[in-house]
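Protein chains in written order, with this note's numbering: chain A, 373 to 606; chain B, 373 to 606.
Just below is one structure, and these are the notes that go with it.
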DNA sequence: ATTTGAAAATTGGTTAACCAAAATATAATA
DNA sequence: TATTATATTTTGGTTAACCAATTTTCAAAT
C-alpha cells in the first residue's frame, strides 16, 4: 500500500493544547517561579483527569520550546525564562498556525541569502568539496534527464552547512522536506528550469569558492527570482 | 529544590542516533521508495535488539524532520522526499551540533530585520494593538526599576506574529527561551540599556504603525547594533 | 476466474505495572 | 542539639501487556 496523507489537526493535538493551557494556569495559580518544581506527572494526570502519557506529551512539547525541563528521578521544572515570558510564549504556541507554502518560500529565501554570504566568508576546504560534490550530483542527474529536486535541495543544504551557523542550518533542515513535497506537488521544476539551474548553481559555487559574498548573494538572488516568479505566477 | 541544569548529550541521544542510522541503512538496503512502508515497530525493535520505545522515539524524530510518517493501525511510511534527499538529510541530522550563542544571536538579528519589515507592510490593527501593549508593559517594568528581559522579548515576539509569516514566527518562538537564558546568564541587559531600549522600541513601533518598512528596519538595526556590540565585546 | 465477506493477523497507539535514581523522612550516634 | 546513617517514599523513565482500527488471508458464492 502506498501513502496518501492528509494530516489534520487531530484530537490528540487539541487535547494536548488543553493540557498545556492547564499547566500554564497551574503555574500562574501557584506562582511558580523559574527553577520551581511542577507537581509530579502522576499528580497532574489525576488532577486533569487524563492519562500520564498525555501529560508526558504536553511536557515534552513545552520542553521543546524551552519552557519546562524534566530531570530524571527528580521532577519537571519551570525553565529560567520567567512567568511573563512563559505566558506570552504559551499564548503563541497555542495559536501557532499550520505553515503555508508562501511563508515557507519567503523564509527559505531569507535564510539562503544569508547562508550563501556566510558560506562565502567561512567555508573551509572540506565545505567547498561537499558543495562541489552536491553540484556535480545535481548536474549528472539533470543531464540524464531525470528529476533533480532532491539533488537541488542537497546543494543548498551543503551551503547551509558551510555557513557555520548551526541555528540556520537546523532551520533549513526543518523546512527542506516540506519544500521538496510542495515543489513536487506543484511541479515547480521542469527540464528547462533544471538546465538553467546548473548554470546558476555553478555561478553560486564559484562565488563561494572565490570567497566573494556580495557576488554569491547576487547570484543566489537571481536563482531565486526565477523560482519565486514561477511559484507565484501559476 | 531549585534547578541548576547542565544538559549534556545523553546516552539516549546517541542510542537514538544509532537507530536512525540503522533505519537509514535499512531503507537503502531494501530500496524503499517514497510512500513505501517500513517494517513494523516490533520487527525493527527485534532486528536492532532495542526496545520498541527506542524505535518509536527514533521514528518520532524522523517524523519531526518530515522524513517518515506514522499512520495509526497501518504503518510507518517513507515520506515523499526520495532516497537521495533522505540520505543527505539524515547525514545532517546526525551531525547536528549544539546551537552556540553566536549562531543564535546572528539568526535572531537576521529574522528580526525581516519580521519588522514584513510587520510594517502587513500588520493589522489588532497586531498593532498587541505590539503597543507589549511596548507599554516593557516601559512600565523598566521604569519600575525591575529587570525587563521578558517584556523585551515579548515585544519582539509580537512583531514576529504581526509579520504574517508563520514559519518565521515559529522559528522566533524556538530561539526565544534560549536567548532569554543566555541574556540573563551573561547579564546582557542593565538598567541603562533598558532605558535606551524604551526609546528604540518606541521608534520601531512608530515605524510599524506608519507602515514604513525601511525606517522600521533601520531602527531595528540600530537597536541590535548596541546589543550586538554588547554581546561581542565582553 | 472473479467477487465477496468473515475470520485471523498485524499495525501504531495506549495503559498500567515496574525500575532505578533521587529526595525525603526517620532513627541512631556523638 | 547536630550530624550521620539508613529506610522509605517519590520521581521520571522504561517495559510489556493490551486495544481498536486496519490489513491480509482464504474459502465460499457467483
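Ideal Cβ placement from N, Cα and C applies to all residues, glycine included.
Please read all numbers here as calculations on a predicted model, not as lab measurements.
Span of the alpha helix (DSSP H) around residue i
i: residue 498 of chain A; result: 497-515
i: residue 583 of chain B; result: Where residue 583 of chain B is concerned, there is no enclosing alpha helix (DSSP H), given that its DSSP letter is neither H nor E.
i: residue 456 of chain A; result: 455-466
i: residue 404 of chain B; result: Here residue 404 of chain B belongs to no alpha helix (DSSP H), and DSSP marks it neither H nor E.
i: residue 426 of chain A; result: 424-436
Cα-Cα separation, residue i to residue j
i: residue 374 of chain A; j: residue 449 of chain B; result: In this prediction, residue 374 of chain A has a pLDDT of 41, which is less than 50 and means its spatial position is unreliable; nothing more can be read from the coordinates.
i: residue 460 of chain A; j: residue 480 of chain B; result: 18 Å
i: residue 577 of chain B; j: residue 593 of chain B; result: 14 Å
i: residue 430 of chain A; j: residue 399 of chain A; result: 14 Å
i: residue 581 of chain A; j: residue 500 of chain A; result: 7 Å
i: residue 573 of chain A; j: residue 511 of chain A; result: 9 Å
i: residue 549 of chain A; j: residue 599 of chain A; result: 17 Å
i: residue 537 of chain B; j: residue 469 of chain A; result: 10 Å
i: residue 376 of chain A; j: residue 401 of chain A; result: Residue placement at residue 376 of chain A is flagged as unreliable, the pLDDT there being 39, under the threshold of 50; the coordinate-derived value follows with that caveat. C-alpha separation (whole angstroms): 45 Å.
i: residue 392 of chain A; j: residue 516 of chain B; result: 31 Å
i: residue 518 of chain B; j: residue 464 of chain A; result: 24 Å
i: residue 601 of chain A; j: residue 478 of chain A; result: 12 Å
i: residue 553 of chain B; j: residue 508 of chain A; result: 43 Å
i: residue 438 of chain A; j: residue 387 of chain B; result: 23 Å
i: residue 496 of chain A; j: residue 522 of chain A; result: 24 Å
i: residue 404 of chain B; j: residue 411 of chain B; result: 11 Å
i: residue 596 of chain B; j: residue 585 of chain B; result: 16 Å
i: residue 555 of chain A; j: residue 432 of chain A; result: 32 Å
i: residue 456 of chain A; j: residue 583 of chain A; result: 44 Å
i: residue 443 of chain B; j: residue 575 of chain A; result: 43 Å
Proximal residues to residue i (C-beta, below 7 Å), its chain only, five neighbours per side dropped
i: residue 389 of chain B; result: 466
i: residue 483 of chain A; result: 540, 543, 544
i: residue 579 of chain B; result: 492, 587, 588, 591
i: residue 406 of chain B; result: 450, 451, 452, 453, 454
i: residue 428 of chain B; result: 413
i: residue 528 of chain A; result: 484
i: residue 425 of chain B; result: none
Cutoff 6 Å; reference residue i; Cβ partners in own chain excluding five residues on either side
i: residue 530 of chain A; result: 502, 503, 506
i: residue 526 of chain A; result: 506
i: residue 541 of chain A; result: 532, 533
i: residue 434 of chain A; result: 440
i: residue 378 of chain A; result: Its pLDDT being 36, under 50, residue 378 of chain A is placed unreliably by the model, and the measurement read from it follows with that caveat. Result list for residue 378 of chain A: empty, nothing under 6 Å.
i: residue 416 of chain B; result: 427
i: residue 520 of chain A; result: 510, 513, 514, 566
Boundaries (first-last residue) of the beta strand (DSSP E) holding residue i
i: residue 492 of chain A; result: Counting along the chain, residue 492 of chain A falls outside any beta strand (DSSP E), though it belongs to the alpha helix (DSSP H) covering 473-494.
i: residue 450 of chain B; result: 447-450
i: residue 410 of chain A; result: Element bounds for residue 410 of chain A: n/a, residue is neither H nor E.
i: residue 531 of chain B; result: From DSSP, residue 531 of chain B is part of no beta strand (DSSP E) but of the alpha helix (DSSP H) over 521-534.
i: residue 443 of chain A; result: 440-443
Distance between beta carbons of residue j and residue i, contact taken as under 8 Å
i: residue 436 of chain A; j: residue 394 of chain A; result: No, residue 436 of chain A and residue 394 of chain A are not in contact; Cβ-Cβ is about 18 Å, not under 8 Å.
i: residue 474 of chain B; j: residue 447 of chain B; result: No, residue 474 of chain B and residue 447 of chain B are not in contact; Cβ-Cβ is about 42 Å, not under 8 Å.
i: residue 547 of chain B; j: residue 485 of chain B; result: Going by Cβ atoms, the distance from residue 547 of chain B to residue 485 of chain B rounds to 15 Å, so no, they are not a contact pair.
i: residue 488 of chain A; j: residue 570 of chain A; result: Their Cβ separation, rounded to whole angstroms, is 17 Å, which puts residue 488 of chain A and residue 570 of chain A out of contact at 8 Å.
i: residue 535 of chain A; j: residue 494 of chain A; result: 7 Å
Neighbourhood of residue i by C-beta distance below 8 Å, restricted to the same chain and skipping five residues each side
i: residue 396 of chain B; result: 458, 459, 462
i: residue 567 of chain B; result: 514
i: residue 385 of chain B; result: none
The ligand HEM heavy atom lying under 6 Å from the CB of residue i
i: residue 500 of chain B; result: The ligand HEM is not among the ligands present in this structure, which contains no ligands whatsoever.
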